[in-house]
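S.K.:
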Amino acid sequence: MSRTTIYMTAAEMRALEIRAMESGAVTGADLMERAGRGVVDATFARWPALAKTPHCAVVLCGPGNNGGDGYVIARLLHQAGWGVRALVLGDTESLPPDAKLNAQRWSALDQGAAATAPLNAETLAEALGEGCDLVVDALFGSGLNRAVSGLAYIERSISALEARPIVVAVDVPSGLSSDTGTCLGEPVAPLRADLTVTFHSPFVGHVLADGPEACGALDVANIGLARFAEPVAVRAQTPDPSGLAKHPNAHKFTHGHALVFSGGAGKTGAARLAARGALRIGAGLVTLGCPPDALAECAAQVTAIMLRPLNDAEALRQTLDDTRINALCLGPNFGLSPDRADWLMDVLAAKRAAVLDADALTLLAHHEKPFSKLHEQIVLTPHMGEFKRLFPDISAELTENKLYSKLDAARDAAKTAGCTVLLKGAATVIANAQGDCRIVASCYENAAPWLATAGAGDVLAGMITGLLARGFAPIEAAETAAHLHAECARRFGPGLIAEDLPEQLPAVLTALESASKRSS
């Protein structure tokens with residue numbers, strides 16, 4: 001049984017809220033109240049000491065519905081006995097109706113421990129100087145699509161305190177785009193959050209670009225929108241163990257035959273890592289195609305992986321004529337000579353499922369018509385440097401346009417190339433030519449920083465190839481392999497080297513199966 005996480009855009013979330021309100025089952029004020037309660041509950045759950053005795057809070061309320069959530073939070077904290085200062089950006093008379101209602105509810109409170117003032121450098125310094133345990137950032141939420149400037153003093157004021165208060169952001173830290181994860185306007189978000197609380201599901205921007213660093217930790221509060229949800233464009237799906245298991249009556253020939261192309265003598269390590277990944281993930285057979293001078297080197301290192309000498313175009317043709325070989329991996333330390341470029345074109349002409357990685361991507365980028373022979377069974381696996389060489393115009397747009405995301409870039413690249421593109425990173429983004437998109441996010445509690453090691457990408461390429469050999473669709477193979485690859489790194493932890501990754505797969509797959517049985 002797999003578990004699906006959806007990643008929403010601001011427009012999709014707004015459409016979901018409208019459907020819920022138009023159903024008559026909930027009002028905008030109800031949703032705002034639930035959101036405010038969700039932030040308070042998540043804050044107290046993460047820092048239980050805050051729930052035990054009253055403290056002091058500064059709530060920064062913006063000019064939109066995010067500010068309305070802030071007024072709810074301020075009221076709930078006040079009712080819990082806290083001293084609360086609400087600092088307001090903009091005119092409360094201009095607030096949207098639900099936010100205005102909650103601003104009025106806040107103003108109607110007995111002002112003893114509750115106070116309101118316009119937000120500026122002086123009022124913030126005064127409020128922080130009176131002692132502050134918690135700052136709530138409810139200035140600009142998920143709908144922000146313009147540059148924010150003039151608020152850098154907020155972060156400076158908080159950071160200057162001898163003891164920095166806890167900062168909790170509502171939806172997203174102010175200044176962060178919920179659609180792209182980039183900071184709009186100033187180089188950094190006005191506030192660096194310790195916790196960001198969002199509602200119903202994460203936004204795309206929570207896991208892309210600056211999102212994880214700006215958000216701190218991420219909690220998703222349930223505000224009762226699930227029954228109104230409709231399919232969205234982007235998701236991440238935990239692999240289904242039933243799809244990875246081998247049938248009791250299966251044999252090696254029913255699980256495909258993967259061929260991994262190797263470099264010459266002294267340059268076989270990357271291909272051997274890929275071949276090991278393909279074998280561990282369940283390909284029935286795996287062969288290393290080696291130049292003759294590399295056969296002895298490979299033979300000394302592998303056992304279950306077969307070897308095939310490939311020394312010229314005729315040997316390559318005969319190998320590709322073997323229809324039992326149904327998935328190819330080309331690129332890890334393959335070489336960049338002209339004959340290697342010719343081999344790449346011959347491999348593409350075979351119309352076989354294939355992963356192009358590393359040197360194959362560089363060869364492709366140097367080709368006069370790089371995408372002319374690509375097809376839907378191809379998976380490209382670039383890191384950002386390779387992506388820039390392959391898709392310079394798309395890469396330039398990603399650099400220059402803060403409202404254009406890594407997800408947009410991968411989607412446009414896949415459409416341009418006519419195949420599946422896996423764009424690597426802490427959040428790996430995968431898209432195919434039909435516009436289907438996936439995100440495998442290794443951030444927050446799922447961070448896997450140990451993958452920053454030589455050869456890790458070669459193992460990933462091999463794992464994708466092994467799943468292609470088993471019959472997975474390209475985007476499913478790429479997403480499943482990316483998820484398992486990161487999980488292998490998390491399971492091993494510090495000290496990881498690339499050789500460790502395939503050896504973690506049995507335990508990772510077993511854990512997935514056990515978790516599936518418990519939840520079924």
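Once you know that position 27 of the sequence shown is 27 in the numbering used here, the rest is easy, because the numbers rise by one and skip nothing. Using N, Cα and C, we set each Cβ at its ideal position, and we do this for glycine too.
Please list the terminal residues of the continuous beta strand (DSSP E) segment that includes Arg19.
M.R.: Stepping through the sequence shown from its first residue, residue 19 is reached at position 19. Per DSSP, Arg19 belongs to no beta strand (DSSP E); it is in the alpha helix (DSSP H), Ala10 to Glu22.
S.K.: Taking just the CA atoms, how far does Leu330 sit from Ala29?
M.R.: Walking along the sequence shown from the start, residue 29 turns up at place 29. Walking along the sequence shown from the start, residue 330 turns up at place 330. Cα-Cα distance, rounded: 56 Å.
S.K.: Please list the terminal residues of the continuous beta strand (DSSP E) segment that includes Leu134.
M.R.: What you label residue 134 is simply residue 134 of the sequence shown in a count that begins at 1. Run containing Leu134: Leu134 to Ala138, per the beta strand (DSSP E) assignment.
S.K.: With the cut-off set at 8 Å, would you say Leu310 and Ala299 are in Cβ contact?
M.R.: For this step, residue 310 is matched to residue 310 along the sequence shown. For this step, residue 299 is matched to residue 299 along the sequence shown. No.
S.K.: If you draw a straight line from the C-alpha of His206 to the C-alpha of Ala217, how long is it?
M.R.: Indexing the sequence shown from 1 puts residue 206 at position 206. Indexing the sequence shown from 1 puts residue 217 at position 217. Straight-line Cα distance between these residues: approximately 10 Å.
S.K.: May I ask you to report which of helix, strand or coil DSSP gives Val347?
M.R.: Working through the sequence shown from its first residue, we reach residue 347 at position 347. Val347: helix per DSSP, three-state reduction.
S.K.: Could you check the C-alpha separation between Met384 and Ala360 for me, to the nearest Å?
M.R.: On the sequence shown, position 384 is the one that residue 384 refers to. On the sequence shown, position 360 is the one that residue 360 refers to. C-alpha separation (whole angstroms): 15 Å.
S.K.: Buried or exposed: Asn432, going by 16 or more other Cβ atoms within 10 Å of its Cβ?
M.R.: In the sequence shown, counting from the first residue as 1, residue 432 sits at position 432. Result: buried.
S.K.: Compare the Cα-Cα distances from Leu134 to each of Thr381, Arg164 and Met8 and report the closest residue.
M.R.: Taking the sequence shown and counting its residues from 1, the one referred to as residue 134 is at position 134. The residue with the shortest Cα to Cα distance from Leu134 is Arg164.
S.K.: Is the beta carbon of Asn333 less than 8 Å from the beta carbon of Ala271?
M.R.: The residue labelled residue 333 in the question sits at position 333 within the sequence shown. The residue labelled residue 271 in the question sits at position 271 within the sequence shown. Closer than 8 Å, so yes.
S.K.: Cα-Cα, which of Gly181, Asp436 and Asp91 is closest to Ala233?
M.R.: For the purposes of this step, residue 233 is identified with residue 233 of the sequence shown, where counting begins at 1. The option with the nearest alpha carbon to Ala233 is Asp436.
S.K.: Could you tell me which whole alpha helix (DSSP H) segments of length 4 or greater appear in the stretch 378–460?
M.R.: Within the stretch 378–460, the complete alpha helix (DSSP H) runs of at least 4 residues are 384–390, 392–400 and 406–417.
S.K.: Quick test of your reading: Asp171 and Gly141, contact by CB under 8 Å. State the CB separation rounded to the nearest angstrom.
M.R.: As a working note, residue 171 is residue 171 in the sequence shown. As a working note, residue 141 is residue 141 in the sequence shown. About 4 Å; that satisfies the 8 Å criterion.
S.K.: Buried or exposed: where does Arg280 fall if 16 or more other Cβ atoms within 10 Å of its Cβ makes it buried?
M.R.: Locating residue 280 in the sequence shown gives position 280, counting from the first residue. Answer is buried; the Cβ neighbour count reaches 16.
S.K.: Pull the bridge partners of Ile464 from the DSSP assignment, please.
M.R.: The residue labelled residue 464 in the question sits at position 464 within the sequence shown. According to DSSP, which records beta bridges pairwise, Ile464 is partnered with nothing at all.
S.K.: Rounded to whole angstroms, what's the CA-CA distance from Leu89 to Gly68? Just pull it up for me.
M.R.: Here residue 89 corresponds to residue number 89 of the sequence shown, with the count starting at 1. Here residue 68 corresponds to residue number 68 of the sequence shown, with the count starting at 1. Leu89 and Gly68: Cα-Cα distance of roughly 12 Å.
S.K.: Suppose contacts are defined by Cβ-Cβ distances below 8 Å. Is Val421 in contact with Glu479 by that definition?
M.R.: In the sequence shown, the residue the question calls residue 421 occupies position 421. In the sequence shown, the residue the question calls residue 479 occupies position 479. Contact flag unset, no.
S.K.: Kindly confirm or deny that the stretch 32–43 and the stretch 58–76 touch, where touching means at least three C-beta pairs closer than 8 Å.
M.R.: The stretch 32–43, when compared against the stretch 58–76, does touch it at the 8 Å Cβ threshold.
S.K.: Which of helix, strand or coil does DSSP assign to Met1?
M.R.: The residue you call residue 1 lines up with position 1 of the sequence shown. Any reading at Met1 needs caution, since the residue's pLDDT is 42, under 50, leaving its predicted position unreliable; the model's value is listed next. Three-state result, Met1: coil.
S.K.: I'd like to know if the stretch 240–248 and the stretch 46–54 are in contact, where contact means that at least 3 CB-CB pairs between them fall below 8 Å.
M.R.: No: the two stretches stay apart, fewer than three of their Cβ pairs being nearer than 8 Å.
S.K.: How many Å lie between Cys443 and Ala426 at the Cα?
M.R.: Against the sequence shown, residue 443 aligns to sequence position 443. Against the sequence shown, residue 426 aligns to sequence position 426. About 6 Å.
S.K.: If you drop the 5 nearest sequence neighbours on each side, which residues of the same chain put their C-beta closer than 6 Å to that of Ala413?
M.R.: The residue you call residue 413 lines up with position 413 of the sequence shown. Cβ within range, chain order: Phe391, Ile394 and Val421.
S.K.: Suppose the cutoff is 6 Å on Cβ atoms and the five residues either side in sequence are ignored; what does the same chain contact list for Leu225 look like?
M.R.: The count along the sequence shown starts at 1 and reaches residue 225 at position 225. Taken in chain order, the residues that qualify are Leu16, Ala20 and His200.
S.K.: Which value, in whole angstroms, describes the spacing of the CA atoms of Lys406 and Asp321?
M.R.: Walking along the sequence shown from the start, residue 406 turns up at place 406. Walking along the sequence shown from the start, residue 321 turns up at place 321. Taking the straight line joining both Cα atoms gives about 38 Å.
S.K.: Could you tell me whether the Cβ atoms of Ala481 and Leu467 are closer together than 8 Å?
M.R.: Numbered from 1 along the sequence shown, position 481 holds the residue referred to as residue 481. Numbered from 1 along the sequence shown, position 467 holds the residue referred to as residue 467. Yes, they are a contact pair.
S.K.: Under three-state DSSP, which class holds Thr198?
M.R.: Numbered from its first residue, the sequence shown carries residue 198 at position 198. It is a strand residue.
S.K.: Answer yes if the stretch 81–96 comes into contact with the stretch 59–66, meaning at least three C-beta pairs across the two stretches below 8 Å, and no otherwise.
M.R.: These segments touch.
S.K.: If you draw a straight line from the C-alpha of Phe387 to the C-alpha of Ala350, how long is it?
M.R.: Numbered from 1 along the sequence shown, position 387 holds the residue referred to as residue 387. Numbered from 1 along the sequence shown, position 350 holds the residue referred to as residue 350. When rounded, the distance between both Cα atoms is 24 Å.
S.K.: Tell me the rounded alpha-carbon separation between Gly471 and Ala461.
M.R.: Within the sequence shown, numbered from 1, the residue matching residue 471 stands at position 471. Within the sequence shown, numbered from 1, the residue matching residue 461 stands at position 461. C-alpha separation (whole angstroms): 16 Å.
S.K.: For Thr182, which three-state DSSP category applies?
M.R.: Counting from one through the sequence shown, the residue named residue 182 turns up at place 182. Coil.
S.K.: Using CA coordinates, which residue listed in Arg491, Ile497, Leu496 and Ala498 is at the minimum distance from Pro506?
M.R.: What you label residue 506 is simply residue 506 of the sequence shown in a count that begins at 1. The shortest Cα separation from Pro506 among Arg491, Ile497, Leu496 and Ala498 belongs to Arg491.
S.K.: For the stretch 235–271, list the alpha helix (DSSP H) runs that are entirely contained and at least 4 residues long, ordered along the chain.
M.R.: With a minimum length of 4 residues, the continuous alpha helix (DSSP H) runs that stay inside the stretch 235–271 are 241–244.
S.K.: Where do the N-terminal and C-terminal ends of the beta strand (DSSP E) with Leu161 fall, by residue?
M.R.: As a position in the sequence shown, residue 161 is number 161, starting the count at 1. No beta strand (DSSP E) holds Leu161; DSSP gives it neither H nor E.
S.K.: Give the single residue among Asp194, Asn66, Leu259 and Ala80 whose Cα lies nearest to the Cα of Leu328.
M.R.: Counted from its first residue, the sequence shown places residue 328 at position 328. Of Asp194, Asn66, Leu259 and Ala80, the residue nearest in Cα terms is Leu259.
S.K.: Considering Asn326, what are the terminal residues of the beta strand (DSSP E) in which it resides?
M.R.: In the sequence shown, the residue the question calls residue 326 occupies position 326. From DSSP, the beta strand (DSSP E) with Asn326 extends over Ile325 to Leu330.
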